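Protein chains in written order, with our numbering: chain A, 1 to 564; chain B, 1 to 564.
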């Protein structure tokens with residue numbers, strides 16, 4: 001029992017590989033449909049956990065994700081590390097100046113999204129405790145307090161991941177939500193410590209509770225003022241006197257570990273400490289973009305998916321599933337948290353749609369609720385059905401928030417060249433030898449591939465435009481284009497010519513890579529966006545050579561996505 | 001026992017933070033003295049482990065690094081993951097074309113560095129088994145075989161880390177060593193599996209052994225041919241159809257996990273699979289530098305130090321320390337492995353000094369020897385004294401290899417601007433308003449700071465050079481210089497002028513940052529090296545503005561080290 005045996009190590013790497021693969025795959029899949037990746041990652045856990053894989057192939061499931069023995073500890077270690085690192089990154093991405101600016105609204109949202117759910121859930125739990133899953137014999141007041149807290153806690157990790165996935169994290173709205181969630185967590189974890197005291201957990205004597213509250217506030221206040229100042233002062237020394245970028249990377253990670261250890265020690269969760277340290281480190285203007293990119297990419301694409309997928313591994317959602325209980329809890333949870341978040345945002349002066357979006361963001365629950373539920377279950381306060389219902393509520397509310405926000409905010413699909421390129425509009429070997437012929441060949445391809453497009457009319461428009469001012473931009477690239485009335489979606493036809501075609505470029509070189517851009521008449525800005533993305537990609541002259549060496553559309557697309 | 005409690009989580013983050021901090025600190029310290037960082041990282045483990053911290057502060061040691069309970073598993077999980085990830089990176093850095101070119105020598109070194117230690121140790125163990133730590137009652141032949149294998153196994157992780165730390169990894173010599181170590185490991189692990197069979201470990205029946213050998217060879221051969229081909233084919237799809245760079249990062253990591261799981265399952269160590277997958281992935285020209293940098297930096301600066309430091313945590317080197325046994329084992333270990341490696345390299349035609357360097361590199365032992373020792377101890381084949389001696393030999397040989405190679409190869413200190421800048425030669429506010437005055441002020445500073453330099457003579461030489469062709473290079477930078485006969489070390493004086501001084505730059509701008517370069521007369525190349533590093537740093541015009549905004553030498557040095 002002292003150490004991992006070879007069989008444990010095999011299972012550990014295998015389960016990690018499977019978990020990461022399915023989580024990343026479904027995460028990418030979710031993003032194809034413009035949903036946050038975390039939706040797919042949570043789903044991966046449900047698929048691989050007891051609910052689906054455990055029912056369909058119990059032997060495989062027991063082998064990959066055993067519920068007893070050392071592999072439980074191993075996976076738990078990795079996910080604990082993963083979530084702390086993710087919160088460190090989330091903290092590093094916080095833009096404190098926006099938080100100060102939006103903090104007033106964040107504070108209001110934080111207050112209402114605790115007070116309203118807490119009051120409503122407390123009353124409901126006192127009025128109908130049995131229907132809400134109180135364990136026979138549990139103290140009614142303690143049960144009611146537990147439920148009230150469970151309904152008021154938010155999930156900073158899920159909220160942060162959803163906002164990042166949607167490119168909203170550093171927006172004004174994002175920072176309102178993050179500051180509200182931070183405030184919410186701060187209060188939530190303190191009240192949580194009080195409740196632990198009431199239900200007689202070891203750490204929970206009266207003195208301990210006061211101590212926890214005092215230390216939490218001191219840590220948060222200290223890190224965001226003196227800590228932040230010290231980090232800013234020390235970073236140049238780290239950069240100057242250690243190997244770059246190793247010193248800076250280790251500095252951030254080591255501080256994060258210590259922060260996590262400290263907050264876990266004082267009785268609130270490790271992730272809170274990692275987050276606050278992240279805020280302090282990320283705020284320093286001395287922190288280099290290079291280090292930020294290394295930490296953020298490694299953590300968000302490797303550790304975070306493993307953590308979010310691991311949530312679904314914990315419970316079988318089918319056994320102990322009590323539909324009426326789940327539905328009523330879900331209703332209470334959503335109603336009061338949505339009300340709380342939205343009312344707070346309106347109070348803070350946000351427009352109605354954004355206020356609702358904030359409500360949905362705050363409605364996500366996650367790990368804390370599940371941990372709380374587990375403790376209450378062990379202490380005999382709640383029935384197993386309620387525990388399952390709590391987990392279901394955590395996952396359903398987390399999954400709801402992204403799609404709802406998208407609907408409410410009508411966030412534009414982030415415009416990227418890669419999304420409109422198509423193998424049907426990719427001409428690997430142009431036959432044309434002149435501008436005129438190239439335009440003819442490429443417009444004909446567009447007309448042939450897309451129904452309802454008149455190739456002749458396209459050619460006339462593009463040529464008319466080309467004649468006024470030629471569209472060679474240098475480095476072997478040309479961007480002939482036209483705005484087409486009635487066109488619904490932008491099109492880009494790509495033509496490649498090994499010999500090159502004269503497009504009268506400023507650098508005198510013939511064009512080897514020709515992008516024909518056809519954009520809707522009523523969206524004048526799109527053309528410029530496409531053109532500037534292409535110009536940026538081909539700023540490095542080696543890019544044209546690399547394009548000429550590709551054989552297939554996929555290779556070409558890989559170059560556009562990943563660069564040289 | 002089912003899961004990590006809050007106290008476990010506190011200890012986990014705290015011990016990780018402490019381990020990483022001390023390892024990185026001593027690693028940086030080692031590099032100050034031109035030694036590989038791994039030397040400092042190994043020392044960190046001895047300091048924090050039972051040998052030092054455990055003796056001086058047993059309570060603190062038992063709290064931070066407990067030897068029982070769940071934290072043992074937690075730390076073991078993290079170090080197992082860490083070493084597999086590090087071997088993945090080491091594999092990715094292998095330059096297969098050099099391996100093919102140097103493979104013939106590598107193969108010879110691989111053969112001799114197994115056969116010679118194996119034979120000598122086998123004979124010694126048969127002749128004087130008691131003196132070498134045979135357990136009373138253990139089969140003499142099995143004991144002899146065990147010792148022979150223990151003496152012939154190399155440590156690919158330590159070797160790779162040492163070579164990387166010394167910037168020798170991708171050199172011809174580096175690739176000879178890596179291919180020899182790979183071959184050595186391949187054989188070593190197979191023989192290891194045979195030995196496990198002989199001493200009756202569960203996995204070791206006759207069929208199992210044949211199976212292990214067959215699967216190991218099939219895996220290695222398959223991954224380096226078909227696997228490599230498939231990775232190369234699939235990578236463009238990953239880049240084209242997943243979010244960049246997340247898809248590529250996950251792809252490499254997921255394959256690495258599966259490789260590790262597979263080789264662990266077939267009975268050899270997980271790290272071998274991770275390494276081979278790394279070679280297959282890293283060889284594809286489609287793999288982007290950006291992903292490589294993210295994985296390599298995060299793993300080498302965070303995970304690798306934690307792993308190497310954790311080695312020293314395992315044993316108290318003072319109890320069960322049997323000096324005659326340690327010395328004789330160390331003698332046998334070094335003598336036969338050095339002979340093996342060096343003879344192989346000479347046989348392959350390497351020059352004598354490089355052959356010895358290869359011998360020292362192959363002489364490193366590490367985790368495998370310790371694992372082997374642990375199994376033999378549990379099986380009652382060896383005495384505890386021998387186990388401690390094996391660990392000492394592993395650490396001492398690992399620590400010897402870097403410094404010995406440095407002495408033998410006389411590797412030049414990697415020349416970097418940061419190493420010759422000094423706060424004494426940093427003039428934050430130049431008073432000068434003309435070229436002549438600036439050169440006077442800066443040469444005077446050099447003369448004042450360095451004993452034996454004649455400021456007047458310096459000024460004359462620099463000004464003579466400056467008059468023939470002015471040294472403004474544009475972007476607000478000027479590089480006045482002179483070669484000084486009798487100067488022992490290159491000097492760079494930095495002068496900053498907020499208003500700027502006319503140095504007749506090609507872009508017409510005055511110089512705000514002036515580097516006065518004084519280099520030894522007998523090293524004509526150095527001046528050019530310094531100049532080109534400065535030109536590269538200031539290619540981005542914002543660099544000059546950033547330098548002007550610094551207040552202290554440290555901030556300036558941080559900019560030089562870490563860039564904007």
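Glycine is no exception: its CB is placed at the ideal position from the N, C-alpha and C atoms.
Note that this is a predicted model, so its numbers are computed, not measured.
(message) Please identify, using Cβ separations under 8 Å, the residues of the segment 100-123 of chain A that lie next to chain B, in order along the chain.
(response) For the segment 100-123 of chain A, the set of positions with a beta-carbon nearer than 8 Å to some beta-carbon of chain B is empty.
(message) Against chain B, with Cβ distances strictly below 8 Å, would residue 239(A) count as a contact?
(response) To locate residue 239(A), count along the first chain from 1; it is residue 239. Closer than 8 Å to some Cβ of chain B, the Cβ of residue 239(A) qualifies, so yes.
(request) Measure the C-alpha to C-alpha separation of residue 418(B) and residue 89(B) and round it to an integer number of angstroms. (result) Within the second chain, residue 418(B) is the residue found at index 418, counting from 1. Within the second chain, residue 89(B) is the residue found at index 89, counting from 1. Whole-angstrom Cα-Cα distance: 27 Å.
(message) Is there a C-beta anywhere in chain A that falls below 8 Å from the one on residue 236(B)?
(response) The residue you call residue 236(B) lines up with position 236 of the second chain. Taking Cβ atoms only, chain A reaches closer than 8 Å to residue 236(B), which makes this a yes.
(request) Could you work out which residues of chain A lie near residue 302(B), taking near to mean beta carbons separated by less than 7 Å? (result) The count along the second chain starts at 1 and reaches residue 302(B) at position 302. Near residue 302(B) (Cβ distances below 7 Å), the residues of chain A are 249, 250, 253.
(request) Run the CB neighbour count on residue 102(A), radius 10 Å, all protein chains shown included, and call it buried at 16 or more, exposed below. (result) One-based indexing of the first chain puts residue 102(A) at position 102. It counts as buried.
(message) Can you check whether the C-beta of residue 6(B) is within less than 8 Å of a C-beta belonging to chain E?
(response) You won't find chain E in this structure, because its protein chains are A and B.
(request) Check whether the Cβ of residue 244(A) lies closer than 8 Å to any Cβ atom in chain B. (result) For the purposes of this step, residue 244(A) is taken as residue 244 along the first chain, with counting starting at 1. Output row for residue 244(A): interface = yes.
(message) Taking the alpha-carbon of residue 308(B) as reference, which of 5(B), 36(B), 32(B) has the nearest alpha-carbon?
(response) For the purposes of this step, residue 308(B) is identified with residue 308 of the second chain, where counting begins at 1. The shortest Cα separation from residue 308(B) among 5(B), 36(B), 32(B) belongs to 36(B).
(request) Ignore the nearest five residues each way along the sequence and tell me which others in residue 421(A)'s own chain have a CB closer than 7 Å to its CB. (result) Here residue 421(A) corresponds to residue number 421 of the first chain, with the count starting at 1. Once the five neighbours on either side are set aside, the close Cβ partners of residue 421(A) are 492, 494, 557, 560.
(request) Check whether the Cβ of residue 117(B) sits closer than 7 Å to any heavy atom of the ligand HEM, and report yes or no. (result) As presented, the structure is devoid of all ligands, the ligand HEM included, so that no description of it is given.
(request) Mind listing the chain B neighbours of residue 540(A)? Cutoff is C-beta to C-beta under 7 Å, in chain order. (result) Mapped onto the first chain, residue 540(A) falls at position 540. Chain B residues near residue 540(A): none, gap ~13 Å exceeds 7 Å.
(request) Residues of the segment 22-38 of chain A with a CB closer than 7 Å to any CB of chain B: list them in chain order, please. (result) Here the close residues are 24, 28, 31.
(message) Which residues in chain A have a C-beta closer than 8 Å to the C-beta of residue 436(B)? List them in chain order.
(response) Residue mapping note: residue 436(B) aligns to position 436 of the second chain, counting from 1. Simply none; closest approach about 32 Å.
(message) By the DSSP assignment, the beta strand (DSSP E) with residue 284(A) in it spans what residues?
(response) Walking along the first chain from the start, residue 284(A) turns up at place 284. Counting along the chain, residue 284(A) falls outside any beta strand (DSSP E), and DSSP gives it neither H nor E.
(request) Quick one: residues in its chain with C-beta nearer than 8 Å to the C-beta of residue 360(B), no 5 flanking neighbours on either side, listed in chain order? (result) In the second chain, residue 360(B) corresponds to position 360, counting from 1. Answer for residue 360(B): 338, 341, 400, 401, 404, 405, 408, listed in chain order.
(message) Can you look up residue 77(A) in the DSSP assignment and give me helix, strand or coil?
(response) On the first chain, residue 77(A) is found 77 positions in, with the first residue counted as 1. Here residue 77(A) sits in helix by DSSP.
(request) Name, please, each residue of chain B whose Cβ falls closer than 8 Å to the Cβ of residue 384(A). (result) Sequence index remark: in the first chain, residue 384(A) carries index 384 (1-based). Simply none; closest approach about 16 Å.
(request) Output, in chain order, the set of chain B residues within a Cβ distance shorter than 7 Å of residue 9(A). (result) On the first chain, residue 9(A) is found 9 positions in, with the first residue counted as 1. Near residue 9(A) (Cβ distances below 7 Å), the residues of chain B are 80, 264, 270.
(request) Report the neighbours of residue 353(B) on chain A: residues whose CB is nearer than 7 Å to its CB, in chain order. (result) For the purposes of this step, residue 353(B) is taken as residue 353 along the second chain, with counting starting at 1. Those within 7 Å of residue 353(B) in chain A number zero; the least Cβ separation is about 27 Å.
(request) Return the CA-CA distance between residue 60(B) and residue 187(B), expressed in angstroms with no decimal places. (result) Here residue 60(B) refers to the residue found at position 60 when the second chain is read from its first residue. Here residue 187(B) refers to the residue found at position 187 when the second chain is read from its first residue. So the alpha carbons of these two residues sit roughly 42 Å apart.
(request) Quick one: residues in its chain with C-beta nearer than 8 Å to the C-beta of residue 312(B), no 5 flanking neighbours on either side, listed in chain order? (result) Position 312 of the second chain, counting from 1, holds the residue named residue 312(B). Excluding sequence positions up to five before and after residue 312(B), its CB lies within less than 8 Å of the CB of 42, 43, 44, 45, 46, 47, 48, 49, 51, 395, all in the same chain and listed in chain order.
(message) Whether or not the segment 470-479 of chain B and the segment 440-460 of chain B are in contact is what I'm after, with contact meaning three or more pairs of Cβ atoms, one per stretch, closer than 8 Å; do they touch?
(response) Segments in contact, no.
(request) State yes or no: is the beta carbon of residue 288(B) nearer than 8 Å to at least one beta carbon in chain A? (result) The residue you call residue 288(B) lines up with position 288 of the second chain. Residue-level contact by beta carbon holds for residue 288(B) and chain A, with a gap shorter than 8 Å.
(message) Looking at chain B, is there any beta carbon in it that lies within less than 8 Å of the beta carbon of residue 167(A)?
(response) By one-based count along the first chain, residue 167(A) stands at place 167. Answer no: the Cβ-Cβ gap between residue 167(A) and chain B never drops below 8 Å.
(message) So if DSSP puts residue 481(B) in a beta bridge, which residue, or which two residues, is it bridged to?
(response) Within the second chain, the letter at position 481 stands for residue 481(B). Paired residues: 517(B).
(message) For a quick check, are the C-beta atoms of residue 132(B) and residue 147(B) less than 8 Å apart?
(response) Counting from one through the second chain, the residue named residue 132(B) turns up at place 132. Counting from one through the second chain, the residue named residue 147(B) turns up at place 147. Result yes, Cβ atoms of residue 132(B) and residue 147(B) sit closer than 8 Å.
(message) Contact criterion: CB-CB distance below 8 Å. Does residue 204(A) meet it with respect to chain B?
(response) Indexing the first chain from 1 puts residue 204(A) at position 204. Below a pLDDT of 50, predicted positions are generally treated as unreliable, and residue 204(A), at 47, falls in that range; the measurement from the model is reported next regardless. No - not a single Cβ of chain B is within 8 Å of the one on residue 204(A).
(request) Compare the C-beta of residue 433(A) against all C-beta atoms of chain B and say whether one is closer than 8 Å. (result) Taking the first residue of the first chain as position 1, residue 433(A) is located at position 433. Interface with chain B (8 Å Cβ-Cβ cutoff): residue 433(A) is excluded.
(request) Would you kindly work out how many angstroms separate the C-alpha atoms of residue 356(A) and residue 287(B), rounded to a whole number? (result) Numbered from its first residue, the first chain carries residue 356(A) at position 356. Numbered from its first residue, the second chain carries residue 287(B) at position 287. Across the structure, residue 356(A) and residue 287(B) are spaced so that their CA atoms are roughly 43 Å apart.
(message) Considering only their Cβ atoms, is the gap separating residue 154(A) from residue 185(A) smaller than 8 Å?
(response) For this step, residue 185(A) is matched to residue 185 along the first chain. For this step, residue 154(A) is matched to residue 154 along the first chain. Contact: yes.
(message) Tell me which residues share the same chain as residue 326(A) and place their Cβ nearer than 6 Å to its Cβ, disregarding the 5 neighbours each side in the sequence.
(response) As a first step, residue 326(A) must be located in the first chain, where it is residue number 326. The residues 389, 392, in chain order, have a CB closer than 6 Å to that of residue 326(A) in the same chain once the five nearest residues on each side in sequence are set aside.
(message) Using DSSP's beta-bridge definition, name the partner residues of residue 426(B).
(response) Working through the second chain from its first residue, we reach residue 426(B) at position 426. Paired residue(s): 494(B).
(request) Measure the C-alpha to C-alpha separation of residue 3(B) and residue 385(A) and round it to an integer number of angstroms. (result) On the second chain, residue 3(B) is found 3 positions in, with the first residue counted as 1. On the first chain, residue 385(A) is found 385 positions in, with the first residue counted as 1. Separation of residue 3(B) and residue 385(A) (C-alpha to C-alpha, rounded to the nearest whole angstrom) is 22 Å.
(message) So if I threshold CB-CB distances at 8 Å, which residues from the segment 467-485 of chain A count as touching chain B?
(response) Those would be none; no residue qualifies.
(message) Nearest by alpha-carbon distance to residue 231(B): which of 248(B), 218(B), 243(B), 217(B) is it?
(response) By one-based count along the second chain, residue 231(B) stands at place 231. Among 248(B), 218(B), 243(B), 217(B), the Cα nearest to that of residue 231(B) is on 248(B).
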